[in-house]
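So the protein sequences, as listed, match chains A and B. Counting from 1 along the first sequence, just add 35 to a position and that's the residue number in this note's numbering. Counting from 1 along the second sequence, just add 907 to a position and that's the residue number in this note's numbering. Every residue, glycine too, gets a C-beta built ideally from N, C-alpha and C. The structure presented is a predicted model; accordingly, all values stated were derived computationally and were not measured. Have a look at the structure below before the remarks.
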Amino acid sequence: MTKITLAKGLNAGLRAAMEADPKVLIMGEDVGKLGGVFRITDGLQKDFGEDRVIDTPLAESGILGTAVGLAMRGYRPVCEIQFDGFVYPAYDQIVSQVAKIHFRSQGKVPMPIVIRIPFGGGIGAVEHHSESPEAQFAHTPGLKVVTCSNPVDGYWMIQQAIACDDPVVFLEPKRQYHADKAELDESREPEPLFGSRVVRQGSDLTLLAYGPMVKTCMQSAEAAAGEGRSIEVIDLRSLSPLDMDPVLASVRKTGRAVVTHEAHVNLGMGSEVAARITEECFYALEAPVLRVGGFDTPYPPSRIEEEWLPDLDRVLDAVDRSFAY
Amino acid sequence: MSENPPLPRAGAIGPDLVEAFGPSQVHGGPELVQLLSPEGERVEHPEFALDLGDDEDEAIKGFYRDMVLTRRIDTEATALQRHGELGIWAQLLGQEAAQIGSGRALLPQDFVFPTYREHGVAWCRDIDPLRLLGLFRGVDQGGWNPNDGNFGLYTIVIGAQTLHAVGYAMGMQRDGIVGTGDAERDGAVVAYFGDGASSQGDVNESFIFSSVFNAPVVFFCQNNQWAISEPIERQSRIPLYQRALGFGFPGIRVDGNDVLACYAVTQAALRRAREGSGPTFVEAYTYRMGAHTTTDDPTRYRLSSELEHWKLKDPIARVRAYLTRNGIVDDDFFTDIEGEAEKLGEHLREGCKALPEPSPLSVFDQVYVDQTPELAAQKEGFAAYLDSFETAPEGALSR
């Protein structure tokens, strides 16, 4: 077994998918010789050639629009959007074309496209490089939206997303790319792509997270344990569809829930999760479901991003407020 | 790696292009390629010969029939809208030659990406015109399988389909069916769009992608002079076909009301694409004689004298004049086609009303290949809700 980073896990997963299916293509800006600005596609063009790992012109709508045509021709394009804030030029193709063609064609034309987006902040970048646009895609029928929080999930989930016959927006927490290492056991059966997972058992409160916030919430739960509070942490993993059963089971047990994400709170994923918990677990709740996230402002200049982003203390503050009810 | 031969790479802009399309086209030259004058006189063009196979007369008779029947589809659908059977209809009146000429230049292995007005091209691809009505009646959003007849679904977002066309063409390159020299296999893609779409970012991006990847695409722009109420002058300061050179491939302006010229130019462009020489921009210079759609009122923004001028260039009248003057057909030919048109009209009138109504519950079924548990639950809940009415809303359950 080897210890790998998230970047390596994704790279190995992409490689495995390309080896398994000759129809898998990688498209994006600088994905070839450079291996992507985060090196996620490192070495793939060298081994699979320029016709399968395609350095595209700098035009995001062009990347997604041509991916639609390639998918119609039987290919499985994996499109890399270089940074979250650059996905918007492709928004029309994603929302009006990729998401709707299967529906519009009455099921005759599938769109097995993966849209990889490095997302989230905390890397000291300039504007448009630290955003969390997941709710905009989760709000779009026809798309599936997932996010990995660790190297092992990165390895398996990217392969599962590529094998999926529906379009998948695949969000990668960029600040985790080269951070923590984990042991990858390739012989282990991966968990389902569209499932949430309890990553820490607890009995007093349910903390919900995905992507970059999973680590923060694990640390928060550890800190809370020191104060005698037993917190259950769930990695949602799939944002559309949401796998609510483990969440609801947890909240029925704990009676309290806090949803966290880096994205703006207003109409963020937390709003949907809170609504669903309230609809299903109303009589089990000891407190309203609380949300912790980015403020409803544009992403700030990097010198104040650590204050802007929800961190361990902001999560624990919400935990305190929940227990205060 | 694939066993396909290496993809052709884009060459420099230079002698190759000049050779392919002649210096006059690359440099502006006599703008309009025309092979049949508005009066129905055959004219020769130094660079585009008419290649209609062994029986030229028979082919031209076929074009005439195609155009008359296409116009009948259009007038019948317009009437169906007026009778409340369609919510809206996008008319093609005046663009029959551009669509039949280009559509008949296609080979079975070619693929078409239409806008929402390519009823004549659909006809050439053997799509039952009744299938076109579903979108406009609101019973579906595309009633045909794009892979039957290689004719994509109508695309309403302006210009979005041009990128799909380039992607599809890139797929053909990877499948090794471009530039092999096998005329039965080598294929190309035609992207249809209009003068208004030429301003869209997607269209310009599609030019760039096709150019740098040398994709086998023909960009067939029907410049019908109007984007709803906006004249071509609001989209471009230069003739549209001249834009192509800036992207690195040839552009041609063809008389869009001349079915022979549209056929010859599209055929040349398609051959060029299939042989691996890359994209071509064809600007079919034509006129939208009708409204943008049945909801539009052109009297608010253009003079009727303009329409009168273009009526003299009617695409069907000139072929009729040619066939008659040269004694190629007799009156029976025209009578027979009128009879066919009547039958087609009846097919559309009766078929339209008989198009099956979609079930409200069907909306959940094709959102995904693998339906999500959430949608399955929503469908179940909606079905239970509908069943909860003592008297179901009329037709809701029987559908």
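* **Cβ distance (whole Å) where A/Lys-179 is taken to contact A/Ser-275 below 8 Å** => As a first step, residue 179 of chain A must be located in the first sequence, where it is residue number 144. As a first step, residue 275 of chain A must be located in the first sequence, where it is residue number 240. Contact holds; Cβ gap of about 6 Å.
* Asked: Any beta-carbon of chain A closer than 8 Å to the one on B/Val-1019?
  -> Position 112 of the second sequence, counted from the start, is the residue given in the question as residue 1019 of chain B. No - not a single Cβ of chain A is within 8 Å of the one on B/Val-1019.
* Asked: Should B/Gly-929 be flagged as near chain A, meaning a C-beta pair shorter than 8 Å?
  -> To locate residue 929 of chain B, count along the second sequence from 1; it is residue 22. With a pLDDT of only 42 at B/Gly-929, under 50, the local geometry of the prediction cannot be trusted, and the value read off the model is given with reservation. No - not a single Cβ of chain A is within 8 Å of the one on B/Gly-929.
* To do: Please check if any C-beta of chain A sits within less than 8 Å of the C-beta of B/Tyr-1292.
  => In the second sequence, the residue the question calls residue 1292 of chain B occupies position 385. Taking Cβ atoms only, chain A never reaches closer than 8 Å to B/Tyr-1292, which makes this a no.
* Outcome for A/His-213 when other beta-carbon atoms lying within 10 angstroms are tallied against a minimum of 16 -> Position 178 of the first sequence, counting from 1, holds the residue named residue 213 of chain A. That one is exposed.
* The alpha helix (DSSP H) with A/Thr-251 in it runs from where to where? -> If you number the first sequence from 1, residue 251 of chain A lands on position 216. Bounds of the alpha helix (DSSP H) holding A/Thr-251 are 248-261.
* B/Leu-976 versus A/Arg-151 - alpha carbon distance -> The sequence position of residue 976 of chain B within the second sequence is 69, counting from 1. The sequence position of residue 151 of chain A within the first sequence is 116, counting from 1. Taking the straight line joining both Cα atoms gives about 47 Å.
* To do: Starting from A/Ile-269, trace the beta strand (DSSP E) both ways and give me its first and last residue.
  => Within the first sequence, residue 269 of chain A is the residue found at index 234, counting from 1. Start and end: 266-270.
* CA-CA distance, B/Glu-926 and B/Gly-1027? -> Within the second sequence, residue 926 of chain B is the residue found at index 19, counting from 1. Within the second sequence, residue 1027 of chain B is the residue found at index 120, counting from 1. Here B/Glu-926 scores only 44 on pLDDT, less than 50, and its place in the model should not be relied on; the value that follows carries that caveat. When rounded, the distance between both Cα atoms is 32 Å.
* Asked: For A/Ser-275, which residues does DSSP report across the bridge?
  -> If you number the first sequence from 1, residue 275 of chain A lands on position 240. DSSP output for A/Ser-275 lists A/Val-180 as bridge partner(s).
* Using a cut-off of 7 Å between C-beta atoms, extract the partners of A/Asp-215 located in chain B. => For the purposes of this step, residue 215 of chain A is taken as residue 180 along the first sequence, with counting starting at 1. Ordered by position in chain B, no residue passes the 7 Å Cβ test against A/Asp-215, which lies about 31 Å from the chain.
* **Cross-chain neighbours of B/His-1071 in chain A, by beta carbon under 8 Å** => In the second sequence, residue 1071 of chain B corresponds to position 164, counting from 1. Gly-100, Thr-101, Val-103, Gly-104, Met-107 and Gln-132, listed in chain order.
* Can you list the residues of chain A that B/Gln-1132 reaches, using a CB-CB cut of under 9 Å? -> Taking the first residue of the second sequence as position 1, residue 1132 of chain B is located at position 225. Ordered by position in chain A, no residue passes the 9 Å Cβ test against B/Gln-1132, which lies about 26 Å from the chain.
* Would a check of beta-carbon distances place B/Asp-1035 closer than 8 Å to chain A? -> Taking the first residue of the second sequence as 1, we reach residue 1035 of chain B at position 128. Closer than 8 Å: no.
* Determine the extent of the beta strand (DSSP E) in which B/Leu-1293 is found, giving its start and end residues. => Here residue 1293 of chain B refers to the residue found at position 386 of the second sequence. Premise fails: B/Leu-1293 lies in the alpha helix (DSSP H), 1280-1294, not in any beta strand (DSSP E).
* Report yes if the C-beta distance between B/Thr-1200 and B/Ala-997 is below 8 Å; otherwise report no. => Sequence index remark: in the second sequence, residue 1200 of chain B carries index 293 (1-based). Sequence index remark: in the second sequence, residue 997 of chain B carries index 90 (1-based). Cβ atoms of B/Thr-1200 and B/Ala-997: closer than 8 Å.
* Asked: At what residues does the beta strand (DSSP E) containing B/Asp-1109 begin and finish?
  -> Start at 1 with the first residue of the second sequence, and residue 1109 of chain B comes out as number 202. Per DSSP, B/Asp-1109 belongs to no beta strand (DSSP E); it is in the alpha helix (DSSP H), 1108-1119.
* Asked: Which class does B/Thr-1187 belong to by DSSP, given the choice of helix, strand or coil?
  -> Counting from one through the second sequence, the residue named residue 1187 of chain B turns up at place 280. Note: B/Thr-1187 maps to strand in three-state DSSP.
* **Collapsed DSSP secondary structure at B/Phe-1099 in the structure displayed** => The residue given as residue 1099 of chain B occupies position 192 in the second sequence. The sequence shown places Tyr at residue 1099 of chain B, not Phe. The answer is strand: DSSP assigns B/Tyr-1099 an E or B state.
* **Min CB distance B/Asp-1089 to chain A below 8 Å** => The count along the second sequence starts at 1 and reaches residue 1089 of chain B at position 182. B/Asp-1089 does not count as touching chain A.
* To do: Determine the direct distance from the alpha carbon of B/Arg-979 to that of B/Cys-1031, and round the result to whole angstroms.
  => To locate residue 1031 of chain B, count along the second sequence from 1; it is residue 124. To locate residue 979 of chain B, count along the second sequence from 1; it is residue 72. Rounded to whole angstroms, B/Cys-1031 to B/Arg-979 spans 14 Å at the Cα level.
* Give the residues of chain A in contact with B/Asn-1052, contact being defined as C-beta atoms less than 9 Å apart. => Position 145 of the second sequence, counted from the first residue, corresponds to residue 1052 of chain B. Chain A residues near B/Asn-1052: Ser-140, Gln-141, Lys-143 and Val-144.
* To do: Classify A/Leu-45 as helix, strand or coil using the three-state DSSP reduction.
  => If you number the first sequence from 1, residue 45 of chain A lands on position 10. Note: A/Leu-45 maps to helix in three-state DSSP.
* Asked: Is any heavy atom in the ligand MG found nearer than 7 Å to the beta carbon of A/Phe-172?
  -> As for the ligand MG, it is missing from this structure, which has no ligand bound.
* Asked: Is the CB of B/Arg-1081 under 8 Å away from at least one CB in chain A?
  -> For the purposes of this step, residue 1081 of chain B is taken as the residue at position 174 of the second sequence. By this cut-off, B/Arg-1081 is an interface position.
* To do: Identify whether B/Pro-971 lies in helix, strand or coil by the three-state DSSP scheme.
  => Reading the second sequence from its first residue, position 64 is the one you call residue 971 of chain B. Checking the sequence, you will find Tyr at residue 971 of chain B rather than Pro. Collapsing the DSSP output to three states places B/Tyr-971 in a helix.
* DSSP beta-bridge partners for B/Trp-1133? -> Locating residue 1133 of chain B in the second sequence gives position 226, where the first residue counts as 1. B/Pro-1138, per the DSSP bridge assignment.
* Look at the alpha carbon of B/Arg-916 and the alpha carbon of B/Val-1119, and state the distance between them as a whole number of angstroms. => The sequence position of residue 916 of chain B within the second sequence is 9, counting from 1. The sequence position of residue 1119 of chain B within the second sequence is 212, counting from 1. The predicted position of B/Arg-916 is uncertain, since its pLDDT is 45 and thus under 50; a value taken from the coordinates is nonetheless stated next. C-alpha separation (whole angstroms): 8 Å.
* **Start-to-end residues for the beta strand (DSSP E) that takes in A/Gly-329** => If you number the first sequence from 1, residue 329 of chain A lands on position 294. Element bounds for A/Gly-329: 325-329.
* Less than 8 Å separating the beta-carbons of B/Leu-959 and B/Arg-949? -> Here residue 959 of chain B refers to the residue found at position 52 of the second sequence. Here residue 949 of chain B refers to the residue found at position 42 of the second sequence. Taking 8 Å as the Cβ cut-off, B/Leu-959 and B/Arg-949 do not qualify as a contacting pair.
* **In DSSP terms, what B/Tyr-1192 is bridged to** => As a first step, residue 1192 of chain B must be located in the second sequence, where it is residue number 285. Bridge partners of B/Tyr-1192: B/Asn-1130 and B/Asp-1162.
* Do you know offhand how far A/Val-187's Cα is from A/Pro-147's? -> To locate residue 187 of chain A, count along the first sequence from 1; it is residue 152. To locate residue 147 of chain A, count along the first sequence from 1; it is residue 112. Cα to Cα, the separation comes out at about 23 Å.
* Asked: How long is the line joining the alpha carbons of B/Asp-1221 and B/Met-1196, rounded to whole angstroms?
  -> Counting from 1 along the second sequence, the entry for residue 1221 of chain B is found at position 314. Counting from 1 along the second sequence, the entry for residue 1196 of chain B is found at position 289. So the two alpha carbons sit approximately 9 Å from each other.
* To do: Count the C-beta pairs between the stretch 55-65 of chain A and the stretch 87-94 of chain A that are closer than 8 Å, then say yes if the count reaches three, no if not.
  => yes
* To do: Kindly indicate the opening and closing residues of the alpha helix (DSSP H) around A/Pro-208.
  => Position 173 of the first sequence, counted from the first residue, corresponds to residue 208 of chain A. From DSSP, A/Pro-208 is part of no alpha helix (DSSP H) but of the beta strand (DSSP E) over 203-208.
* To do: Specify the secondary structure class of A/Phe-317 as computed by DSSP and reduced to three states.
  => As a working note, residue 317 of chain A is residue 282 in the first sequence. Helix at A/Phe-317.
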